[in-house]
Amino acid sequence: MEKRNKIVLGGGCFWCAEAVFALQKGVISATCGYAGGETPNPTYEQVSNGETGHAEVVEIEYDPSIASLSAILKTFFAMHDPTSLNRQGNDV
65 MEKRNKIVLG GGCFWCAEAV FALQKGVISA TCGYAGGETP NPTYEQVSNG
115 ETGHAEVVEI EYDPSIASLS AILKTFFAMH DPTSLNRQGN DV
C-alpha cells in the first residue's frame, strides 16, 4: 500500500480548491471542511456569512512518492493570494 500524507489548507472557497487538487497527480482525496471557529457543526451559510470564525479548508491526502509536499504547496500558492481575505481564484 502506498504511503499517504495529509495536509489541511485554507484558501477561500473550498469547492474551488477541492476541484483543483482532485485533478493533481498523486492526490488521493481532497475533502472540504471547516477549521477554527467557535460554533460546533456550523452550516455553510453561517461560515460564509462570517458568523462562526471558521475558515473553509480542504484536507488533501496524497501519495508523497508521486506528489511532493512542495508540489502540493506550489499548486496552492498558484491559486491562493494570502493578502486577500476569503476571495481566491474565481471568488474575486
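If you use the numbering used here, the sequence shown corresponds to residues 65 to 156, in order.
Just so you know, even glycine gets a beta-carbon here, dropped at the ideal spot from N, CA and C.
In the structure shown, what three-state DSSP assignment does Thr-139 receive? The residue given as residue 139 occupies position 75 in the sequence shown. In the structure shown, Thr-139 falls within a helical segment according to DSSP collapsed to helix, strand and coil.
Of the choices Pro-128, Ile-124, Ser-134 and Ser-129, whose alpha-carbon is the least far from that of Val-61? Examination of residue 61 is not possible in this model, given that the chain is present from 65 through 156 alone.
Let me see if you follow: with CB-CB separation under 8 Å, is Val-91 close to chain B or not? Protein chain content of the structure displayed is limited to a single chain, and chain B is not contained in it.
Could you give the uninterrupted runs of the alpha helix (DSSP H) lying entirely in the segment 76-142, keeping only those of 4 residues or more? Those alpha helix (DSSP H) runs which fall completely within the segment 76-142 and span 4+ residues are 78-86 and 108-112.
For Gln-110, I'd like the list of residues in its chain whose CB is within less than 6 Å of its CB, leaving aside the five on either flank, ordered along the chain. Working through the sequence shown from its first residue, we reach residue 110 at position 46. Closer than 6 Å at the Cβ level, and outside the excluded window around Gln-110, lie Thr-116.
Tell me the rounded alpha-carbon separation between Ser-144 and Gly-75. Start at 1 with the first residue of the sequence shown, and residue 144 comes out as number 80. Start at 1 with the first residue of the sequence shown, and residue 75 comes out as number 11. Inspection of the sequence shows that residue 144 is occupied by His rather than by Ser. His-144 and Gly-75: Cα-Cα distance of roughly 6 Å.
Please identify the residue among Phe-141, Ala-131 and Tyr-98 whose C-alpha is closest to the C-alpha of Glu-66. Within the sequence shown, numbered from 1, the residue matching residue 66 stands at position 2. Nearest C-alpha to Glu-66: Ala-131.
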